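Protein sequences appear in the order of chains A and B.
Under the numbering used here, read the first sequence as residues 1 to 249, first letter to last.
Under the numbering used here, read the second sequence as residues 1 to 622, first letter to last.
Note that CB positions come from ideal geometry on N, CA and C, so glycine has one too.
Keep in mind the model is a prediction, meaning the values are calculated, not measured.
Just below is one structure, and these are the notes that go with it.
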Amino acid sequence: MSYQGKFRVWRGDDSGGALEDFTVEVNEGEVVLDIIHRLQATQAPDLAVRWNCKAGKCGSCSAEINGRPGLLCMTRMSIFEESETITVTPMRTFPIIRDLVTDVSYNYTKAREIPSFAPPKDLAPGEYRMQQVDVERSQEFRKCIECFLCQNTCHVIRDHEENKEAFSGPRFLMRVAELEMHPLDTADRVDQAQDDHGLGYCNITKCCSEVCPEHIHITDNALIPMKERVADRKYDPIVWLGNKLFKRS
Amino acid sequence: MPELERHSFDVLVIGAGGAGLRAAIEAREHGLRTAVLCKSLFGKAHTVMAEGGIAAAMGNANESDNWQVHFRDTMRGGKFLNNWRMAELHAQEAPQRVWELETYGALFDRTKDGRISQRNFGGHEYPRLAHVGDRTGLELIRTLQQKIVSLQQDDFQEFGDYEERLRVFQEFTVTELVKDGERVAGAFGYWRESGRFVLFEAPAVILATGGIGKSFKVTSNSWEYTGDGHALAMRAGASLINMEFIQFHPTGMVWPPSVKGILVTESVRGDGGVLRNSDGKRFMFDYIPEVFKDKYADNEEEADRWYTDQANNRRPPELLPRDEVARAINSEVKAGRGSPHGGVFLDVSTRLPAEEIRRRLPSMHHQFKELADVDITAQPMEVGPTCHYVMGGVEVDPDTGSSSVPGLYAAGEVSGGMHGSNRLGGNSLSDLLVFGRRAGAGAAQYVRALGDRPVVAEQAVAEARATALKPFQHEGGENPYTLHMELQQSMNDLVGIIRRAGEMEEALQRLEKLEERARSLTVEGHQQFNPGWHLALDLRNMLLVSECVAKAALLRTESRGGHTRDDHPSMDSEWRRKLLVCTTSGEGVRVEEKPQIPIRPDLLDLFDRTELEKYLTAEELS
Ligand SMILES: Cc1cc2nc3c(=O)[nH]c(=O)nc-3n(C[C@H](O)[C@H](O)[C@H](O)COP(=O)(O)OP(=O)(O)OC[C@H]3O[C@@H](n4cnc5c(N)ncnc54)[C@H](O)[C@@H]3O)c2cc1C
Ligand code: SF4
Ligand code: SF4
Ligand code: FES
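Okay, here's the thing in structure tokens:
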């Protein structure tokens, strides 16, 4: 059942690094993170990797496996041939800290720039009433585990450091959409999306949606509807007001 | 020696799970400068993994629910060993804490009339768990994270600095608390990224570090669960209680080996899933203990009717408290009626339509498909017990979360008492919010009332630094990974779900040897993001905490909740009146008996006398 697998793992820090070759035991049912852990325990005790839940729930273990962005803990070894050499590299869009660990602070900065949920002033805790159908849209976006794989993949920033300032990335544009679609949020989010978070940079290629481990329809359900709202707004601001009032009633 | 990074705050919260974040929000709302420290990235603490829900008697699904019923269920679940004041506060305040989350932006699943939907869970008399599919922990942590961000935005508006009064230090590990005489004075630790040391000076420290599961081989817990807070508290002079009580969740994955232990949420059973052995028999009917006979159905027909008519039927025995179900599975496997990979079958595929399963249990569906190639809408799952939760923890004042050390507070899984000998599902997330908030308020009041601020002695800092660097001093010593694996194996085999005196004595001997070997560990490389070094430091905590577990478990000669003795199989009312208290004075762990405070009469009146007779001594009842 077990075999000796061939791996190439990127090792280094912000001053540079290279792919290192390893041969490691692989057992039935294992995922790539198991292999990285075996490397730490047997050959490279100081190999740096971020992980936490090992169950696809926390979004810590994002990396690129044979160039494809994914979670190390949810990438099964059985999808590869035994003879294949598997290359594991850190996410490319974020600065390297060490080995497979990158500096993801860009994401936390962007998160902080989005105005928070604005609760209705006339409702006390316990008085909130919302229908399941109305919360489902935002609930889909709240499935996000903040693995930042979509951020890593989006071409607007993947090789364009210069766009990071103006563009919040799919994860956080989706957060704006989530608040916009929250049945009880009282703020106007449409202009923010366009003016403060760079929605205009997105040209709906859907690459972000493709890598999302939670299978969230980021582009179809969050980004495109937001773009539509922006477009509507241009012609008719009354549409927005009407929408909001209608939703509240 | 490079210069030490220093920060000063009013309140230091160690841990960014539900308890830590709620505590930090409270302290900050009291106007205090607050810091949150956590080992992983902000928003990724263990709480993120919670699935099933938050227990709160809101009465949305069944109007008969109220705090008294919730209190009763909690006490029963804990076999009356619970700190009754904590159980009371918890049951009373949980609804407020859940509703408050909605004002922070949480979006729970809804009832038809638009309120928060509530689901069934083991040991809860009514549907009581507020939930979001089976990713409730994610919703909880994201909501609190976003509330913290919103408070930071307020500060930005007011002071032009997001971090004026509330700052998160992520990927930072605390290795030692520092004191000024009897009082807490701050904490010492290192940045995981750079390995550089930092001293935090603060008159109040709140421990919210979660549990200890990483000392066991098969566990649903992540690497963070190395019992740091438990050990920090002990070394600072505080006491731990109830450390012998460890919850083995009945349903962890058993196959493939690399995912062994990963949790299968209890919601599977709450929503209709049943347990079967290799003969296809629903075996839980054979394991209903005497004390629960009047509450659980003894035949399949009645059990199945319960899902639609709870007023006239008793509950299915699959929903017995976790300790009962875990032991039953253990017995079935031992009797040779297990599944191919040493578990039993958990089946929801024949109980609900596929579409419904995907809607109600999306992450279970996903988890089994991705990790085990099992489609739970068409096949049964294989499950077995996994180390899940520690009931024991820092002994605290129920109202304020204060430990016996002035300025040191604890909340969440790291605190002890609330759950007695066994925690009910869903009662942890609510515990985090209720007691996180209380600890935040308690610490704030303490700081406000303080005359002079404590001062950190440079000597203490030098010692903490030397201890942290020790693993780099040795050459040719052992690898921390080897020791960790041996520790996990020993605890699993010898102080696991079923315990015997001889085995626990052996465990203690092994722990002693491991401790000796741990003194001369060798770590390769340097301080920058070095997992080998991190583990070496965590091991020290795991060994101390494991010793508490083994020693207390050996002393308690009865079986109750998360402590099952093969050699003392019954529950003993005399033992209910006693707590085992662990302390350390540097070398080794001391465990002493301490009497429980008698339950307040008006709370006792909430139970039938016949029920109380099952738990209390004749003397207590007279
Ligand atoms: C898979 C799973 C499912 C669960 N489902 C449910 C459920 O449905 N309902 C329920 O009520 N309960 C559930 N539980 C239990 C519940 O999730 C936990 O008990 C609870 O989340 C613990 O929260 P906490 O705030 O105490 O600690 P945690 O969320 O674990 O946070 C601990 C924090 O402390 C930090 N920390 C630890 N040590 C240090 C240190 N030395 N220095 C700095 N920081 C440190 C960590 O980094 C982390 O941020 C579940 C548990 C698991 C494992
Ligand atoms: S759809 Fe938009 S956000 Fe997503 S990857 Fe393409 S450009 Fe980026
Ligand atoms: S939207 Fe998906 S890919 Fe992006 S951070 Fe969230 S979970 Fe990850
Ligand atoms: S470790 Fe949590 S998602 Fe991989």
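query	result
Anticipated Cβ contact below 8 Å, G436 (chain B) with A208 (chain B), distance rounded	7 Å
Minimum Cβ-Cβ distance from M49 (chain B) to chain A less than 8 Å	yes
N- and C-terminal bounds of the beta strand (DSSP E) containing H249 (chain B)	I246 to M253
Any chain B beta carbon closer than 8 Å to N52 (chain A)	yes
Contact list for D159 (chain A) against chain B, beta-carbon separation under 7 Å	Ordered by position in chain B, no residue passes the 7 Å Cβ test against D159 (chain A), which lies about 24 Å from the chain.
Closer than 7 Å: F148 (chain A) CB and nearest ligand 3 heavy atom	yes
Which residues DSSP lists as bridging T610 (chain B), in chain order	None; T610 (chain B) has no bridge partner.
Test: V31 (chain A) CB closer than 8 Å to a CB of chain B	yes
Cutoff 8 Å: A55 (chain A) Cβ touching any chain B Cβ	yes
C53 (chain A): CB within 7 Å of a non-hydrogen atom of ligand 4	yes
C-alpha gap between E125 (chain B) and L320 (chain B), whole angstroms	11 Å
At least three beta-carbon pairs within less than 8 Å, the stretch 177 to 195 of chain B to the stretch 122 to 141 of chain B	no
C154 (chain A) Cβ short of 7 Å to ligand 3 heavy atom set	no
Among B:A185, B:I206, B:G210 and B:E193, nearest to L199 (chain B) - alpha-carbon criterion	B:A185
8 Å Cβ cutoff met for E178 (chain A) and R142 (chain A)	yes
Alpha-carbon spacing of R112 (chain A) relative to A24 (chain B), whole angstroms	17 Å
Through-space distance from G16 (chain A) to M226 (chain A), alpha-carbon basis	40 Å
Under the three-state DSSP convention, the category R196 (chain B) falls into	coil
Backbone secondary structure at R248 (chain A) - three-state DSSP	A caution first: R248 (chain A) carries a pLDDT of 44, below 50, which makes its placement in the model too unreliable to give a value.
For G17 (chain A), the three-state DSSP class (helix, strand or coil)	strand
Near-chain A residues of the stretch 77 to 107 of chain B (beta-carbon distance less than 8 Å), N- to C-terminal order	P95, Q96, W99, E100, E102, T103, Y104, G105 and L107
From B:A87, B:G52, B:V344 and B:S585, residue whose alpha carbon lies closest to that of E266 (chain B)	B:G52
L371 (chain B) CB to nearest heavy atom of ligand 1 below 7 Å	no
CB contact below 8 Å: Y106 (chain A) versus chain B	no
Which residues DSSP lists as bridging C61 (chain A), in chain order	Answer is none; C61 (chain A) lacks a bridge partner.
Near ligand 2: N203 (chain A) beta-carbon under 7 Å from a heavy atom	yes
Residues that F167 (chain A) bridges to, as DSSP identifies them	None, per the DSSP bridge assignment.
Residue-level contact to chain B via CB, E82 (chain A), 8 Å cutoff	no
The stretch 160 to 174 of chain A touching the stretch 201 to 220 of chain A, judged by at least three CB pairs closer than 8 Å	yes
G562 (chain B) classed as buried or exposed, judged by whether at least 16 other C-beta atoms fall within 10 angstroms	buried
Same chain, Cβ closer than 8 Å to S570 (chain B), neighbours up to 5 away in sequence not counted	E558 and S559
Environment of P654 (chain B) [buried if 16+ CB atoms lie within 10 Å]	Because chain B is modelled from 1 through 622, residue 654 (chain B) falls outside the range shown and cannot be assessed.
Of the listed residues B:V414, B:V456 and B:S430, nearest to R6 (chain B) (C-alpha basis)	B:V456
V434 (chain B) to H90 (chain B) span [Cα, whole Å]	6 Å
Within chain B, the residues that E3 (chain A) reaches when beta carbons sit closer than 7 Å	Checking the sequence, you will find Tyr at residue 3 (chain A) rather than Glu. Simply none; closest approach about 15 Å.
V48 (chain B) CB to nearest heavy atom of ligand 3 below 7 Å	no
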